[in-house]
Ligand SMILES: Cc1ncc(COP(=O)(O)O)c(C=O)c1O
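Numbering (this note's numbering), first residue to last: 803 to 1268.
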């Protein structure tokens, strides 16, 4: 079967990303463009049109307008997802050999950037919810403890990274955390891949966007949390701490020389929705509708986790003794397709499309699941990752993944240094990073994770040859 023949396939109720919901919530100019003569919109950088790094042309003007509109100093559109722009942002914050402080739930793209550019990730532990199996978000007390610990370490930290919100929609009050890092003189990059639309500020109960919270560089995945086509993203620069020229050069290292005009136009349109009254009205409706869906599901006994992103519904399947993977397999034939199955939960992304009848469908699928699993006991608490409060890889990521390596059975990996990432996808959060030393306890935990994440964790691990 060809790829093309699969694309128009209707899979059921699509509660996964991209957020435009198979085109339903695309901005009107993109819908019109895609209806025009097939392929006419498929252009690379051309005179007059330009691209994210070209000083003149429609793209440069559009990026400037977007920056002004968002109160940012600069904006770069991206055509390689948040991945490409996060990597560019990191390259512009640290030189080879320097370190960057990041939470343990960092997306794999940033660890890859560390490996490419010889930047040391200094990874700090996050709170862990044992009943859900999720890591949470940091607060000021946690960051202060981390900073105290880091003061005792011999690392040259150049910047800090925060992830807000998480995939499951947990969010923290960013401003005080950004402040604490700024007091150290460190610029702050926020991976707001899942929270682009917070920047619209259409609703006072939405988390405050990193753009308003004082971060220096902010990355949005416009297809995950705005109405952009897949691969669209935006990088915003604020304040005086980061030199825009350095960011320009860094974006140039990772960006294709033929950025798709269609995707650039989709970046523009997705962001423009937040300033148009029709776009804002639609967004407010979706948020209110999402809150109402969650309210009615809870009233009907569906165990939804409390989070801060109304567009993410997280079902606590472990509360009735069912894994998120089992629940996903049960729901798919019933036409409910989720985004993120995990050991204890299943996350649905409502996105920006309308979902009529979802309360009824989800409630009845949930009741069927309960009937099918009568007698199952709620899961035992998950074991928290056995990671130190702050961890610097024993060997730089950059050296470790280029080192001569050998494959060993996972249960024999204690005493070795990993040469690779162990990273279920989604959510794309590494459990082990290249260069990390493994001990008996971490290996036991990994073996447990292997059982919890079916087919996602190999029984072999590439380790650095000793
Ligand atoms: C927290 C986080 N950041 C960044 C990314 C990368 O986003 P993109 O798919 O737009 O490259 C992801 C993808 O899952 C993510 O979860």
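From the three backbone atoms N, C-alpha and C, an ideal C-beta is built for every residue, glycine too.
Notebook entry, point to check: Going by the beta-carbon positions, is the gap between residue 1266 and residue 1161 smaller than 8 angstroms?
Noted result: Position 464 of the chain shown, counted from the start, is the residue given in the question as residue 1266. Position 359 of the chain shown, counted from the start, is the residue given in the question as residue 1161. Not closer than 8 angstroms, so no.
Next item on the list: Would you mind reading off the limits of the beta strand (DSSP E) that contains residue 915?
Entry: For this step, residue 915 is matched to residue 113 along the chain shown. No beta strand (DSSP E) holds residue 915; the alpha helix (DSSP H) holding it covers 910 to 919.
Note to self: Can you tell me which residues form a DSSP beta bridge with residue 878?
What the structure shows: What you label residue 878 is simply residue 76 of the chain shown in a count that begins at 1. DSSP output for residue 878 lists 1037 as bridge partner(s).
Item checked: Alpha carbon of residue 1059 to alpha carbon of residue 847, nearest angstrom -> On the chain shown, residue 1059 is found 257 positions in, with the first residue counted as 1. On the chain shown, residue 847 is found 45 positions in, with the first residue counted as 1. Computed Cα separation, rounded: 8 angstroms.
Check: Quick one: Cα of residue 844 to Cα of residue 1062, how far?
Finding: The residue you call residue 844 lines up with position 42 of the chain shown. The residue you call residue 1062 lines up with position 260 of the chain shown. Rounded to whole angstroms, residue 844 to residue 1062 spans 7 angstroms at the Cα level.
Check: What residue from 1169, 917, 1136, 960 has the CA that sits closest to residue 1102's CA?
Finding: Along the chain shown, one-based indexing puts residue 1102 at 300. Taking only the C-alpha atoms, the option nearest residue 1102 is 1169.
Notebook entry, point to check: Is residue 922 helix, strand or coil when you go by DSSP?
Noted result: Along the chain shown, read from residue 1 onward, the residue named residue 922 stands at position 120. Residue state, collapsed to three classes: strand.
Notebook entry, point to check: Is there at least one Cβ from chain B nearer than 8 angstroms to residue 962's Cβ?
Noted result: Looking at the structure shown, chain B is missing, and only one protein chain is on hand.
Note to self: For residue 853 and residue 1223, what's the separation of their Cα atoms in angstroms?
What the structure shows: Along the chain shown, read from residue 1 onward, the residue named residue 853 stands at position 51. Along the chain shown, read from residue 1 onward, the residue named residue 1223 stands at position 421. Those two C-alpha atoms are separated by around 33 angstroms.
Check: For residue 824, which three-state DSSP category applies?
Finding: Counted from its first residue, the chain shown places residue 824 at position 22. Looking at residue 824 - three-state DSSP - the assignment turns out to be coil, as it is neither helix nor strand.
Check: Going straight from the alpha carbon of residue 859 to that of residue 1052, what length do you get?
Finding: To locate residue 859, count along the chain shown from 1; it is residue 57. To locate residue 1052, count along the chain shown from 1; it is residue 250. C-alpha separation (whole angstroms): 21 angstroms.
Next item on the list: Using only alpha-carbon positions, find the residue among 1268, 1109, 1118 that is nearest to residue 760.
Entry: Shown here, the chain extends from 803 to 1268; a query on residue 760 therefore has no answer.
Next item on the list: Look at the Cβ atom of residue 937, then the Cβ atom of residue 901, and state whether they are nearer than 8 angstroms.
Entry: Locating residue 937 in the chain shown gives position 135, counting from the first residue. Locating residue 901 in the chain shown gives position 99, counting from the first residue. No, Cβ-Cβ distance for residue 937 and residue 901 is not below 8 angstroms.
Item checked: Pairwise C-alpha distance: residue 883 and residue 1097 -> Mapped onto the chain shown, residue 1097 falls at position 295. Mapped onto the chain shown, residue 883 falls at position 81. Roughly 32 angstroms between the two C-alpha positions.
Next item on the list: Could you say which of 1067, 989, 1073 lies nearest to residue 1045 if we only look at CA atoms?
Entry: Within the chain shown, the letter at position 243 stands for residue 1045. When each option's Cα is compared against that of residue 1045, the closest is 989.
Notebook entry, point to check: Taking the beta strand (DSSP E) that residue 885 falls in, what are its first and last residues?
Noted result: One-based indexing of the chain shown puts residue 885 at position 83. Unbroken run through residue 885 is the alpha helix (DSSP H), 883 to 895; no beta strand (DSSP E).
Check: For the beta strand (DSSP E) that residue 1208 lies in, which residues bound it at each end?
Finding: Along the chain shown, one-based indexing puts residue 1208 at 406. Run containing residue 1208: 1207 to 1211, per the beta strand (DSSP E) assignment.
Check: What do you get for residue 1088, buried or exposed, if any count of 16 or more other CB atoms within 10 angstroms of its CB means buried?
Finding: Numbered from 1 along the chain shown, position 286 holds the residue referred to as residue 1088. It is buried - the Cβ of residue 1088 has at least 16 other Cβ atoms within 10 Å.
Item checked: Opposing strand residues paired with residue 787 [DSSP bridges] -> No answer is possible for residue 787: the residues shown for the chain start at 803 and end at 1268.
Item checked: Unbroken stretches of the beta strand (DSSP E), 3 residues or longer, contained in the region 968 to 997 -> 990 to 993
Next item on the list: Can you give me the Cβ contacts of residue 886 inside the same chain, cut-off strictly under 6 angstroms, excluding the 5 residues immediately before and after it?
Entry: For the purposes of this step, residue 886 is identified with residue 84 of the chain shown, where counting begins at 1. If we look at residue 886 and ignore the five residues flanking it on each side, its Cβ neighbours are 880, 1056.
Checklist line | Integer Cβ distance of residue 892 from residue 870, believed to fall under 8 angstroms | finding: As a working mapping, residue 892 is identified with position 90 in the chain shown. As a working mapping, residue 870 is identified with position 68 in the chain shown. Going by Cβ atoms, the distance from residue 892 to residue 870 rounds to 26 angstroms, so no, they are not a contact pair.
Check: Quick one: does the C-beta of residue 964 sit closer than 7 angstroms to a heavy atom of ligand 1?
Finding: Numbered from its first residue, the chain shown carries residue 964 at position 162. Not under cutoff, so the answer is no.
Next item on the list: Using only alpha-carbon positions, find the residue among 1262, 1171, 863 that is nearest to residue 1104.
Entry: Along the chain shown, one-based indexing puts residue 1104 at 302. The shortest Cα separation from residue 1104 among 1262, 1171, 863 belongs to 1171.
Next item on the list: Kindly indicate which residue of 1005, 1191, 1035, 1034 has the alpha-carbon position closest to the one of residue 940.
Entry: In the chain shown, counting from the first residue as 1, residue 940 sits at position 138. Answer by Cα proximity: 1191.
Margin query: Any heavy atom of ligand 1 closer than 7 angstroms to the beta-carbon of residue 940?
Written below: As a position in the chain shown, residue 940 is number 138, starting the count at 1. Not so, every heavy atom of ligand 1 lies at least 7 angstroms from the Cβ.
Margin query: Quick check: does the Cβ of residue 1229 come within less than 7 angstroms of any heavy atom belonging to ligand 1?
Written below: Here the question's residue 1229 lines up with position 427 in the chain shown. Because some heavy atom of ligand 1 lies under 7 angstroms away, the Cβ of residue 1229 counts as near it: yes.
Next item on the list: Output the residue ranges of the alpha helix (DSSP H) runs that lie fully inside the region 1009 to 1077 and measure 4 residues or longer, sorted by chain position.
Entry: 1024 to 1027, 1046 to 1056, 1063 to 1074
Notebook entry, point to check: Given a threshold of 16 other Cβ atoms within 10 Å of its Cβ, counted over all protein chains shown, does residue 969 qualify as buried or as exposed?
Noted result: For the purposes of this step, residue 969 is taken as residue 167 along the chain shown, with counting starting at 1. Buried.
Next item on the list: Name the two residues that bound the continuous alpha helix (DSSP H) containing residue 904.
Entry: Position 102 of the chain shown, counted from the first residue, corresponds to residue 904. Residue 904 -> not in any alpha helix (DSSP H); beta strand (DSSP E) instead, spanning 901 to 905.
Check: So is the beta-carbon of residue 971 under 7 angstroms away from any non-hydrogen atom of ligand 1?
Finding: Within the chain shown, numbered from 1, the residue matching residue 971 stands at position 169. It does not: the Cβ of residue 971 is nowhere closer than 7 angstroms to a heavy atom of ligand 1.
Check: Does the region 993 to 1003 come close enough to the region 1179 to 1187 that 3 or more CB-CB pairs lie under 8 angstroms?
Finding: no
Notebook entry, point to check: If you drop the 5 nearest sequence neighbours on each side, which residues of the same chain put their C-beta closer than 6 angstroms to that of residue 1100?
Noted result: Translated into the one-based positions of the chain shown, residue 1100 becomes position 298. Around residue 1100: 1106.
Notebook entry, point to check: Less than 7 angstroms between the CB of residue 1339 and some heavy atom of ligand 1, yes or no?
Noted result: No answer is possible for residue 1339: it lies beyond the span of the chain, which begins at 803 and ends at 1268.
Check: Could you give the residue range of the alpha helix (DSSP H) that holds residue 1171?
Finding: Taking the first residue of the chain shown as position 1, residue 1171 is located at position 369. That run of the alpha helix (DSSP H) goes 1160 to 1174.
Next item on the list: Quick one: measure Cβ to Cβ for residue 1036 and residue 829, integer angstroms, because I've assumed they're closer than 8 angstroms.
Entry: As a first step, residue 1036 must be located in the chain shown, where it is residue number 234. As a first step, residue 829 must be located in the chain shown, where it is residue number 27. Not confirmed; about 14 angstroms, so no contact.
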